[in-house]
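Reviewing the structure listed below.
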Amino acid sequence: MAVYRFAKGEASNGTLSDSLGEDSLRRAARIEYAIKAASSSNSVDPNHPELSKAWQLAYDLRAHRAFRYCLNLMKSIEPVLGSAGQVANEIDQVVQEASEVYGVPKDHKWMEEARRLVLQARSEEAKVKRKEDAARRGRK
């Protein structure tokens with residue numbers, strides 16, 4: 002099937018060079034467009050197994066982009082109260098958007114990795130809070 006061959010080529014096209022995963026995002030959008038165009042022309046059975054494989058490649062790229070973006074967000078954490086919590090909330094939103102808007106499965110490996118980043122950010126937030134609480138108790 003031509004759509005799957007195109008998707009496979011897009012998914013393996015070059016290296017993933019940009020830190021935010023924007024290249025993955027563009028390639029996923031091209032694959033999704035090709036799938037929708039083929040489906041709307043009634044030339045392809047929407048339940049064809051290779052169409053499902055093409056969708057999976059698009060999901061992989063979307064999930065990878067979300068994870069790369071989340072990794073970049075983690076770099077913005079500062080050692081002040083609220084910074085890591087805000088980043089954790091933003092990562093939650095990215096994961097939710099990838100799942101709800103683009104259909105990326107919640108149990109996708111990159112989505113699970115992004116959720117691990119949320120836990121890491123929340124842990125860092127708790128450390129900063131404990132440190133500030135200890136400093137406050139020490140001043141009294």
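First residue of the sequence shown? That's 2 in the numbering used here, and the numbers climb one at a time after it. Glycine included, each C-beta is placed from N, C-alpha and C at the ideal position. Model, not experiment: these values are computed from the prediction.
**Of the listed residues Val81, Glu126, His49 and Cys71, nearest to methionine 2 (C-alpha basis)** = Your numbering for residue 2 matches position 1 in the sequence shown. Among Val81, Glu126, His49 and Cys71, the Cα nearest to that of methionine 2 is on His49.
Check: So methionine 2 is in the alpha helix (DSSP H); what residue range does that whole segment cover?
Finding: Mapped onto the sequence shown, residue 2 falls at position 1. Note, methionine 2: premise wrong, no alpha helix (DSSP H); not H, not E.
- request: Check each candidate in Glu11, Pro80, Ser53 and Ser25 and name the one with the smallest Cα separation from valine 129.
  value: Translated into the one-based positions of the sequence shown, residue 129 becomes position 128. Considering only alpha carbons, the answer is Pro80.
**C-beta atoms of histidine 65 and serine 25 nearer than 8 Å** = Position 64 of the sequence shown holds residue 65. Position 24 of the sequence shown holds residue 25. Taking 8 Å as the cut-off, the Cβ atoms of histidine 65 and serine 25 count as close.
Any 3 or more C-beta pairs closer than 8 Å across the stretch 85–99 and the stretch 120–134: yes
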